[in-house]
Amino acid sequence: MTIRIGLIGAGIMGADHARTIVSYGGGAELAAVHDADTARAKAAAKACGGARVVETAEALIADPDIDAVLVSSPDPTHAPLAIACIEAGKPALVEKPIASTLDEGRAVVAAEMKCGRRLIQVGFMRRFDPGYLAMKQALAKGGLGAPLFFHCVHRNAVGPDYLTSEMVIANSAVHEIDIARFLLEEEFAWATVRSPRASRRAPGRQPQFIVLETRSGVVVDIEAFVDAAYGYDVRGEMVCETGAIMLAPNPAVVTREAGHETFAVEPDWRDRFRAAYREQLAGWIDSLRGGAPRGSSAWDGYAASVTAAACLDAWRSENRTAVTLAETPGFYRRPR
Ligand code: ISE
């Protein structure tokens, strides 16, 4: 049975999701598109084989000819749309962050628990990236001993104007927060944040250096710098008791020429994580057909936001700040 997907939000990311759905072709189709800017919705629909354009997000969610919803609209709309999907009993893949406030994050989790089914997958696509998955497998084998450090670098070439110093944490470094929880399978206990001076290329926005400590004592450091000019550069190295696991450069091609060895750096996350976006879609569709959910749950999305909020408090207060997160509810520990 073909899964008919309705897309809400056809901006840079939404248009890329539309292309991923169309090129995936594994029994899923882009059936409808909504965007607050109708011209943009029409352009995305036309570029992707002529999906229907729907006037409102509410109409798209209620549409009986839509089986599942992909939410890629502006961040503040994520939580209300996720709740609308849950109330309509419609599964949704919702871009990160799941909510703009912790109250909203709790409301999404509460709505899902009330409904009694896991309907939300959060778009933390790195959980589907082959590199991070290989890192997780290597950790699971146990031969390297216990993890001690996880060093992360997250650099974008050019941050959008609306991205504030706070959003460098809540919108960018939140990816590392989620992938660290996924790899280490535990929660954070403490957050400390220091910022260098702003780059002259973006005087209104500070890079962030985050140090997180997990409950069992692993230290995770994240350099988050969205104005790095030269390209999109995501690195990760897990240091364990008797060895280390490091993400390889991506694309994994090295050229030797005229006395130099070079490898390319992708311009932004869409190409760097192309395989991850595709696998995220495949995993989501598989879960809609009854397979086990493999992506971030609404709880994972909320836990990442709680951790990011502690980082923001630590940044503002310049103090080591506790991450206070309740135990994962049993509902999220069992398969859907
Ligand atoms: C953006 O929203 C993303 O999700 C990208 O993966 C991340 O690298 C970027 O910094 C965010 O702004």
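Note that the working numbering has the sequence shown beginning at 1176, numbered continuously upward.
Idealized CB from N, CA, C, for every residue including glycine.
Every value quoted in this text rests on a predicted model; they were computed, and no experiment measured them.
DSSP-derived helix/strand/coil call for residue i
i, result
"I1261", "helix"
"V1284", "helix"
"Q1455", "helix"
"F1363", "strand"
"F1506", "helix"
"L1422", "coil"
"I1236", "helix"
"T1231", "coil"
"T1437", "strand"
"D1461", "helix"
"A1403", "coil"
"T1496", "strand"
"I1397", "strand"
"T1252", "helix"
Residue i: first and last residue of the uninterrupted beta strand (DSSP E) it sits in
i, result
"T1195", "Segment I1187 to Y1199 is the alpha helix (DSSP H) holding T1195; no beta strand (DSSP E) there."
"M1413", "D1408 to C1415"
"T1430", "V1429 to E1432"
"L1268", "A1267 to V1269"
"R1582", "Because the chain in this structure spans residues 1176 to 1511, residue 1582 falls outside the shown range and cannot be described."
"L1205", "A1203 to H1209"
"Q1296", "I1295 to V1297"
"P1322", "P1322 to R1330"
Contact check, residue i vs residue j, beta carbons under 8 Å
i, j, result
"A1364", "V1197", "no"
"A1203", "I1460", "yes"
"S1275", "M1188", "no"
"G1298", "K1271", "yes"
"A1478", "R1356", "yes"
"A1399", "I1344", "yes"
"C1327", "I1420", "no"
"V1283", "I1258", "yes"
"A1263", "A1232", "no"
"T1496", "D1488", "yes"
Residue of the options minimising C-alpha distance to residue i
i, options, result
"Q1383", "P1305, R1390, D1402 and E1279", "D1402"
"F1260", "I1183, V1414, G1411 and A1489", "Residue 1260 is actually Cys in this sequence, not Phe. Taking only the C-alpha atoms, the option nearest C1260 is I1183."
"R1491", "M1300, T1367, A1234 and I1236", "T1367"
"P1251", "D1240, P1504, L1277 and E1287", "L1277"
"R1301", "S1480, V1481, S1471 and D1210", "S1471"
"A1427", "E1502, P1305 and C1486", "P1305"
"A1450", "D1191, A1222 and M1176", "D1191"
"R1390", "E1361, P1371, Q1381 and R1372", "E1361"
"P1504", "T1482, D1475 and T1496", "D1475"
"M1413", "L1256, H1350 and Y1307", "Y1307"
Close-in-space but distant-in-sequence residues of the same chain around residue i (CB under 6 Å, 5 per side omitted)
i, result
"E1416", "G1320 and A1321"
"R1227", "A1207"
"S1462", "P1468"
"G1379", "none"
"M1288", "F1506"
"E1454", "F1303"
Unbroken alpha helix (DSSP H) run spanning residue i, endpoints
i, result
"G1181", "G1181 -> not in any alpha helix (DSSP H); beta strand (DSSP E) instead, spanning I1178 to I1183."
"G1476", "A1473 to S1492"
"P1468", "P1468 -> no alpha helix (DSSP H), and no H or E assigned at all."
"D1446", "W1444 to R1447"
"A1243", "A1243 -> not in any alpha helix (DSSP H); beta strand (DSSP E) instead, spanning A1243 to V1246."
Residues of its chain near residue i, where Cβ-Cβ distance is below 8 Å and the 5 sequence neighbours each way are ignored
i, result
"R1376", "D1402 and A1404"
"V1394", "L1323, F1324, F1325, V1386, L1387 and E1388"
"G1224", "V1197 and L1205"
"V1429", "E1436, T1437 and F1438"
Nonlocal neighbours in the same chain, by C-beta distance under 7 Å from residue i, ignoring five residues either side
i, result
"A1243", "I1178, I1180, K1265, P1266, A1267 and L1463"
"A1447", "Looking at the sequence provided, one finds Arg at residue 1447 rather than Ala. Taken in chain order, the residues that qualify are Y1407, V1409, N1425 and E1441."
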